[in-house]
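Peer 1: Numbering (mature numbering (1 follows the signal peptide of the UniProt record, and there is no 0)) for the sequence shown: -18 to -1, 1 to 385. From the three backbone atoms N, C-alpha and C, an ideal C-beta is built for every residue, glycine too. The structure under discussion is supplied below as structure tokens; questions concerning it will follow.
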Amino acid sequence: MFSPLFVILGLCVSFGSGSPLFERDSNGISATGDSQCTEYMCISAIVNGTGSVEYELTSTGAQALGWMAMGFGSTMANTPMVIMWPNSDGSITLSQRTSTGHSMPTVQSSPPRIAAASTTLSTTSGTKPKLVFTIPANTDTQQSIIWAFGTTAPSSSAQDATLQQHVGFGPLTLDLTKPLSSNSTSSSSSSSASSSSAIPLTSTQRIILAHGILCAVGFLFILPAGALLARYMRTFSNKWFMGHAVMQFILSGPVILVGVSLGFASSAQLGGQSDMHKRYGVILFLFYLLQCSLGAVIHWIKPKNAKRRPAQNYFHGVLGIAIIGLAFYQVWTGYHTEWPKMTGLGNVPNGVNVFWLVWVVLIPVLYFAGLALLPRQFGQERAYKKAEVIDSPAFQAFQMRAV
């Protein structure tokens, strides 16, 4: 779940895009189409007025090609897919499949549209193989698609051959109404993830980015600030609790709640597959709710005649440290693993990781430095307890009887 770390991600990460597709039309009809690239592959579409659309799946060369796939939809579940891979004998297999969720797609006996591999336009040699197919056009103009890239080639050329899990997948959007230039060839192999023009984020990618920003700001900036405020200010002012409560609940609560909700929304759009990041994210959110509830109980419901600090006070402090520690881990897995895996836009710049490393050192140093104020805090609490006893009616009555 999957912070300024993500702000940096959003501002700095370089998203590759394909170079424009070019007109391939012998009928004098103006061709349209679009091209988008991810870290692993580019997808190009050409609509040339013949009633069909030509799609080119081109490896960027970032990983060895096993198989490439695209699907006509925004999630993996129930989306018609076209999966292609080259075989050792030079042939190309095209397999049309579908899946009920995040499981290996199975062959679709009656796909809504029949795709045909174009062996003459495909290239299986070199560092950036290209696999091309055509499929009857539909009414889409803004086309939501998904993509996947695997590095292990199926052991058979059969359409129902077993596929090893992809190393990258995600959603994209193609604008099939874009006019194509007539001044060059249609090879999308020139499209690469290092192109200078940025790919606009899809709606799912924007949700993932917003999720990361909000959760990291809430968990790694507002919560630590509230904890440091309590650690330092409680020995200098008896008004510290109000500031602590405002930061830990009133400010961070809405930010965290919206961020977590966006995490669920993006997961649902990508098929709802569970992994450790998502499971730990749920645990972290539950810990946060428990911590807020425990803080309220400690402040408003105090044990009577307590001679020492209640155990729940210590548990509150330990749980707070655990929440911040788990939040650091969550942010790291968010930008390091979940972002490239879920968006296909590659790794974030190294500066993001440097920023995270600085922050993961700075916050604990500031907190544990504040522990030097514990003797002062305990001394103030003992003086308060003593004054409370002296001012109590029972103690006043005892003094009167002694006189």
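(1) Hey, quick one: how far does the beta strand (DSSP E) through F267 stretch, first residue to last?
(2) According to DSSP, M52 sits in a beta bridge with which residue or residues?
(3) What does a CB cutoff of less than 6 angstroms around T32 pick up in its chain, not counting 5 residues either side in sequence?
(4) Where do the N-terminal and C-terminal ends of the alpha helix (DSSP H) with Q312 fall, by residue?
(5) Cα separation between K260 and A59?
(6) How long is the line joining the alpha carbons of A98 and A143, rounded to whole angstroms?
(7) Does the structure place the segment 198 to 215 close enough to the segment 244 to 251 that three or more beta carbon pairs sit under 8 angstroms?
(8) Thinking C-beta only, is M324 closer than 8 angstroms to G152?
(9) By Cβ distance, which residues of its chain are closer than 8 angstroms to M229, with the 5 residues on each side in sequence left out?
(10) Start and end of the beta strand (DSSP E) containing T14?
(11) Going along the chain, which unbroken runs of the beta strand (DSSP E) with 3 or more residues stay wholly within the segment 61 to 108?
(12) Would you tell me roughly how many angstroms separate the C-alpha atoms of P87 and W338, rounded to the nearest one?
(13) Just how far apart, CA to CA, sit T121 and D71?
(14) Cβ atoms of Q125 and L162: under 8 angstroms apart, would you say?
(15) With DSSP as the reference, label T186 as helix, strand or coil.
(16) For T167 and F115, I'd like the C-alpha separation in whole angstroms.
(17) Hey, quick one: how far does the beta strand (DSSP E) through P322 stretch, first residue to last?
(18) For S91, which residues of its own chain have a beta-carbon under 7 angstroms away from its beta-carbon, when the five flanking residues on both sides are left out?
(19) So is K110 buried or exposed if we call it buried at 16+ other beta carbons inside 10 Å?
(20) Checking the sheet assignment: what are the DSSP bridge partners for M23?
(21) Residue range of the beta strand (DSSP E) that T231 falls in?
(22) Relative to the C-alpha of S256, which residue among H84, R291, G225 is closest?
(23) Nearest to G299 by alpha carbon, out of F350, G48, L233, G263?
(24) Can you have a look at Q18 and say buried or exposed, based on whether 16 or more other CB atoms are within 10 angstroms of its CB?
(25) Use the C-beta contact count for I65: other C-beta atoms within 10 angstroms, 16 or more gives buried, fewer gives exposed.
(26) Please state if the CB of M63 and the CB of G48 are separated by a distance shorter than 8 angstroms.
(27) Here's the rule I'm using: 16 or more other beta-carbon atoms within 10 Å means buried, otherwise exposed. How should Y296 be labelled?
(28) Pop quiz: L202 and A309 are said to be a contact at Cβ under 8 angstroms. What is the actual Cβ separation, rounded to whole angstroms?
(29) In chain order, what are the residue ranges of uninterrupted alpha helix (DSSP H) at least 4 long that sit wholly in the segment 201 to 250?
(30) Applying the 10 Å Cβ sphere with the 16-neighbour rule, what's the burial state of S73?
Peer 2: According to the data block:
(1) F267 -> not in any beta strand (DSSP E); alpha helix (DSSP H) instead, spanning 258 to 282.
(2) V64, W129
(3) none
(4) 293 to 315
(5) 19 angstroms
(6) 18 angstroms
(7) no
(8) yes
(9) I204, L205, A207, G208, L211
(10) 14 to 19
(11) 63 to 68, 74 to 80
(12) One Cα belongs to P87, the other to W338, and the distance between them is close to 38 angstroms.
(13) 37 angstroms
(14) Using a Cβ distance threshold of 8 angstroms, L162 and Q125 do not count as a contacting pair.
(15) helix
(16) Residue placement at T167 cannot be trusted, given a pLDDT of 36 that sits under 50; what the coordinates show is reported in the next sentence. Between T167 and F115, the C-alpha separation is close to 17 angstroms.
(17) Segment 321 to 325 is the alpha helix (DSSP H) holding P322; no beta strand (DSSP E) there.
(18) none
(19) buried
(20) As a beta-bridge residue in DSSP terms, M23 pairs with S41.
(21) The question names Thr, but residue 231 in the sequence shown is Phe. Where F231 is concerned, there is no enclosing beta strand (DSSP E), given that its DSSP letter is neither H nor E.
(22) H84
(23) When each option's Cα is compared against that of G299, the closest is F350.
(24) buried
(25) With 16 or more Cβ atoms within 10 Å of its Cβ, I65 is classed as buried.
(26) No, Cβ-Cβ distance for G48 and M63 is not below 8 angstroms.
(27) Residue environment for Y296: exposed (fewer than 16 other C-beta atoms within 10 angstroms of its C-beta).
(28) 6 angstroms
(29) 205 to 215, 222 to 227
(30) exposed
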